[in-house]
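The next block holds one structure in the form of structure tokens; read it before the comments.
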Amino acid sequence: MGYFTVIAAALIVLTAALLLSADSSTAKLIKHHNHHHHHSEEQCDVSDGKWVHDSAYPLYNAMKCPFIDKPFNCIKNGRRNREYQKYRWQPHHCNIPRWNGTDFLMKIRSKKVMFVGDSMSLNQFQSLICMIHSANPHFNHTYSRKGAVSTFKIPALKISISFLRNALLVDLIKVGNKRVLKLDSVQKSAAAWKGNDILIFDSWHWWLHSGRKQMWDEIQFGKVKVKDMTRLVAYEIGLQTWARWVHKNVDSKRVRIFFQGVSPDHDSGREWGQPNATHCIAEQRPLTLQAYPGGPHPADVVLNRVLKGLKKRVHLLNISKLSQFRVDGHPHIYVTASRRAIDCTHWCLPGVPDIWNQLLYAFL
Ligand SMILES: *[C@@H]1O[C@H](CO)[C@@H](O)[C@H](O)[C@H]1NC(C)=O
Ligand SMILES: *[C@@H]1O[C@H](CO)[C@@H](O)[C@H](O)[C@H]1NC(C)=O
Ligand SMILES: *[C@@H]1O[C@H](CO)[C@@H](O)[C@H](O)[C@H]1NC(C)=O
Ligand SMILES: *[C@@H]1O[C@H](CO)[C@@H](O)[C@H](O)[C@H]1NC(C)=O
Numbered sequence: 001m002g003y004f005t006v007i008a009a010a011l012i013v014l015t016a017a018l019l020l021s022a023d024s025s026t027a028k029l030i031k032h033h034n035h036h037h038h039h040s041e042e043q044c045d046v047s048d049g050k051w052v053h054d055s056a057y058p059l060y061n062a063m064k065c066p067f068i069d070k071p072f073n074c075i076k077n078g079r080r081n082r083e084y085q086k087y088r089w090q091p092h093h094c095n096i097p098r099w100n101g102t103d104f105l106m107k108i109r110s111k112k113v114m115f116v117g118d119s120m121s122l123n124q125f126q127s128l129i130c131m132i133h134s135a136n137p138h139f140n141h142t143y144s145r146k147g148a149v150s151t152f153k154i155p156a157l158k159i160s161i162s163f164l165r166n167a168l169l170v171d172l173i174k175v176g177n178k179r180v181l182k183l184d185s186v187q188k189s190a191a192a193w194k195g196n197d198i199l200i201f202d203s204w205h206w207w208l209h210s211g212r213k214q215m216w217d218e219i220q221f222g223k224v225k226v227k228d229m230t231r232l233v234a235y236e237i238g239l240q241t242w243a244r245w246v247h248k249n250v251d252s253k254r255v256r257i258f259f260q261g262v263s264p265d266h267d268s269g270r271e272w273g274q275p276n277a278t279h280c281i282a283e284q285r286p287l288t289l290q291a292y293p294g295g296p297h298p299a300d301v302v303l304n305r306v307l308k309g310l311k312k313r314v315h316l317l318n319i320s321k322l323s324q325f326r327v328d329g330h331p332h333i334y335v336t337a338s339r340r341a342i343d344c345t346h347w348c349l350p351g352v353p354d355i356w357n358q359l360l361y362a363f364l
């Protein structure tokens with residue numbers, strides 16, 4: 001787990017000046033028949049809402065789920081206060097269906113589901129298999145890791161859910177001893193995406209890294225070869241290449257495609273009105289503000305722009321803003337048992353990614 005090793009090596013701050021403005025297409029959910037609303041066709045933006053305390057949460061017990069990587073297992077690493085596990089996302093104008101793990105399995109019966117992306121995708125993948133495992137303990141399962149792929153299977157239902165590590169989505173190739181990032185090609189990466197029925201992509205954090213964590217030595221697209229470029233621009237070109245692949249290769253009658261919105265990190269307290277904060281360490285509660293003071297995540301703005309052109313084929317899991325409010329949900333010092341590192345990027349499990357999966361469930 002290169003990512004975590006590096007985090008553990010030093011008190012890492014993923015510095016990002018994350019302030020731009022947004023516009024975007026919207027995650028819609030048919031309004032449920034509840035109390036005074038009867039217009040069931042009316043659509044509702046599920047990402048417009050607030051976090052509410054709910055004692056029925058969490059949806060699973062970290063100590064009983066064998067799939068959680070150590071850096072996400074905050075309880076195991078010594079986090080005592082479990083309040084962060086007890087929040088549910090409540091949209092203002094509709095309800096998200098309650099999680100029903102049995103029903104979820106029926107929906108993905110005989111299907112291959114694949115998460116493709118970086119460790120934020122891994123975070124969501126592990127959350128999902130814990131949610132499933134806890135709701136359906138009587139089903140036999142298998143779990144394996146081979147190279148860049150982890151796979152959870154329920155043979156009796158012909159279900160396979162896997163995670164493929166592929167942080168940049170576009171191709172990264174070796175030319176001599178140079179690692180070349182090919183912004184205009186996904187051919188190599190996409191070979192492993194084919195044959196799945198449901199794909200959930202994510203990509204952002206590794207576009208930001210420089211120095212030792214930077215994954216390439218050179219960037220190429222068309223005839224252009226550069227050592228480096230504005231990362232948001234590279235990200236957008238890469239996403240457009242991915243989008244072209246979707247457009248050409250995905251039969252939307254057969255294959256469902258989701259994209260996880262950009263997950264925010266909380267290293268700079270200025271973004272949420274705590275200029276003196278040491279990362280997210282002291283945070284115990286979700287923010288109850290109307291809007292995140294730091295504004296929308298600039299990478300999310302780029303992502304939304306690209307996905308807008310693919311509205312029919314790709315469903316955005318619009319998790320960026322709702323996650324911005326969860327300053328309390330990161331592992332911070334409980335990313336390791338030794339507490340010598342800080343992680344305000346990933347999320348404790350159970351926790352915030354469980355809600356991302358509830359959105360996935362809602363739209364499946
Ligand atoms: C995502 O949700 C936020 C918060 O409700 C909203 O402002 C934004 O327009 C949504 N983005 C998209 C692409 O739907
Ligand atoms: C969960 O879903 C299953 C299968 O659709 C259904 O039989 C069951 O009643 C549901 N459980 C609850 C609590 O809604
Ligand atoms: C689970 O696996 C065990 C051992 O292979 C088998 O005896 C049992 O019948 C299986 N249970 C189900 C529900 O398939
Ligand atoms: C931050 O620290 C400075 C210097 O100690 C202090 O003057 C200021 O009031 C603090 N601000 C907040 C919001 O706590």
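Note that my numbering has the sequence shown beginning at 1, numbered continuously upward. Beta carbons: idealized from backbone N, C-alpha and C, even for Gly.
First through last residue of the beta strand (DSSP E) which encompasses residue i
i: L164; result: I159 to R165
i: S150; result: V149 to I154
i: R179; result: K178 to K182
i: D171; result: D171 to V175
According to DSSP, residues forming a beta bridge with residue i
i: V52; result: R88
i: V113; result: I161 and I198
i: Y143; result: F152
i: I257; result: L199 and V314
i: K225; result: Q220
Cut-off 7 Å between Cβ atoms - residues of its own chain near residue i, not counting five sequence neighbours on either side
i: A337; result: N77 and G78
i: E283; result: V327 and D328
i: L289; result: none
i: C65; result: C130, H133 and S134
i: I68; result: A62, Q126, C130 and L349
i: H53; result: K86 and Y87
i: A243; result: V306, G309 and L310
i: V262; result: W204, H297, A299, D300, L303 and S320
Contact under 8 Å by Cβ, residue i with residue j
i: L239; j: W206; result: no
i: P350; j: P71; result: no
i: A135; j: G101; result: yes
i: V116; j: W51; result: no
i: L317; j: F258; result: yes
i: S160; j: T241; result: no
i: S150; j: F163; result: yes
i: S320; j: P286; result: no
i: W216; j: L157; result: no
i: A362; j: P58; result: no
i: M114; j: L208; result: no
i: W89; j: I281; result: no
N- and C-terminal bounds of the alpha helix (DSSP H) containing residue i
i: Q284; result: Premise fails: Q284 is in no alpha helix (DSSP H) and is neither H nor E.
i: D354; result: V352 to F363
i: M131; result: S119 to A135
i: D367; result: Residue 367 is absent from the structure shown; the chain starts at 1 and stops at 364.
i: Q290; result: Run containing Q290: none; DSSP gives neither H nor E here.
i: D300; result: P298 to K308
Residues near residue i by beta carbon distance below 8 Å, same chain, minus five either side
i: K225; result: E218 and I219
i: P91; result: L29, C44, D45, V46, S47, D48 and G49
i: N276; result: G269
i: G195; result: K112
i: L183; result: V170, I219, Q220, F221, A234, I237, G238 and T241
Same chain, Cβ closer than 6 Å to residue i, neighbours up to 5 away in sequence not counted
i: S252; result: R313
i: V335; result: P71, A341 and D343
i: I108; result: I159
Problem - Cβ contact (3+ pairs, closer than 8 Å) linking the segment 261–273 and the segment 291–300 - result: yes
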